[in-house]
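Reviewing the structure listed below.
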Amino acid sequence: MNEHWGLIEFPNIGDKGKGFLVPAEAFTGVPFPIARAYWIHHWDRGHPRVGHAHTRIQQIFFCLQGEVECHVRFGDGPATLYRLKKPHEGLWTGPLVWLDMQPQSRDTILLVLASGRHDEGEYIRTWEGYKALFPVVAS
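Encoded structure:
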């Protein structure tokens, strides 16, 4: 984990017979107050969700079913690859982290906890707009 992103492992309570419960609470595992939860379902391989960052919002991504490749980067730093496939492991991203996601299996389900409500004005949706915030970002 660094100051911009990292994996967080949550308690995985239970067993294969009864199932597992994974608690995610604000400030106990989740490093921010949770203002919004959303999920992406029936997401199939070959349909990436590419390229955006947030100016203020922090998020944690959980792959509840399937597998997702996440490429994250901050400013002019190199991209780091994470493979999310354990439902008790979340990828935390802070503000200004550029994110590209690609499902690696059929019917992937991704759950996201966010520190803010949806606000289209705080999204950075183009690489050019992102680069403008960091004068030395490589192309």
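Residue numbering for the sequence shown follows our numbering, beginning at 548 and increasing consecutively. Note that CB positions come from ideal geometry on N, CA and C, so glycine has one too. Everything numeric in this text was worked out from a predicted model, so none of it was measured.
Where M648 falls, given that 16 or more other Cβ within 10 Å makes a residue buried
To locate residue 648, count along the sequence shown from 1; it is residue 101. Counting Cβ neighbours within 10 Å, M648 comes out buried, since at least 16 surround it.
Can you give me the Cβ contacts of I581 inside the same chain, cut-off strictly under 6 Å, excluding the 5 residues immediately before and after it? Looking up residue 581 in the sequence shown gives position 34. Cβ neighbours of I581 beyond the five flanking positions: A573, L660.
Practice problem: Report the partner residues of R620 according to the DSSP bridge assignment. | Solution: Taking the sequence shown and counting its residues from 1, the one referred to as residue 620 is at position 73. Note: R620 sits in a beta bridge opposite W645.
Here's the rule I'm using: 16 or more other beta-carbon atoms within 10 Å means buried, otherwise exposed. How should W688 be labelled? Given a span of 548 to 686 for the chain in the structure shown, any question on residue 688 remains unanswerable.
| said: Within the continuous beta strand (DSSP E) that includes G676, where are the two ends? | reply: Looking up residue 676 in the sequence shown gives position 129. Not the beta strand (DSSP E): G676 falls in the alpha helix (DSSP H), residues 674 to 680.
Query raised in the report: Quick one: Cα of G576 to Cα of E616, how far?
Result: Numbered from its first residue, the sequence shown carries residue 576 at position 29. Numbered from its first residue, the sequence shown carries residue 616 at position 69. Taking the straight line from one Cα to the other gives about 22 Å.
*From the DSSP output, which residues share a beta bridge with P650?*
One-based indexing of the sequence shown puts residue 650 at position 103. Within the DSSP secondary-structure output, P650 pairs in a beta bridge with V615.
Practice item. Measure the alpha-carbon distance for G641 versus F608 and round it to whole angstroms. Key: Residue mapping note: residue 641 aligns to position 94 of the sequence shown, counting from 1. Residue mapping note: residue 608 aligns to position 61 of the sequence shown, counting from 1. When only Cα atoms are considered, G641 and F608 end up about 12 Å apart.
_Quick check: L680 and L646, are their CB atoms within less than 8 Å of each other?_
Position 133 of the sequence shown, counting from 1, holds the residue named residue 680. Position 99 of the sequence shown, counting from 1, holds the residue named residue 646. Not closer than 8 Å, so no.
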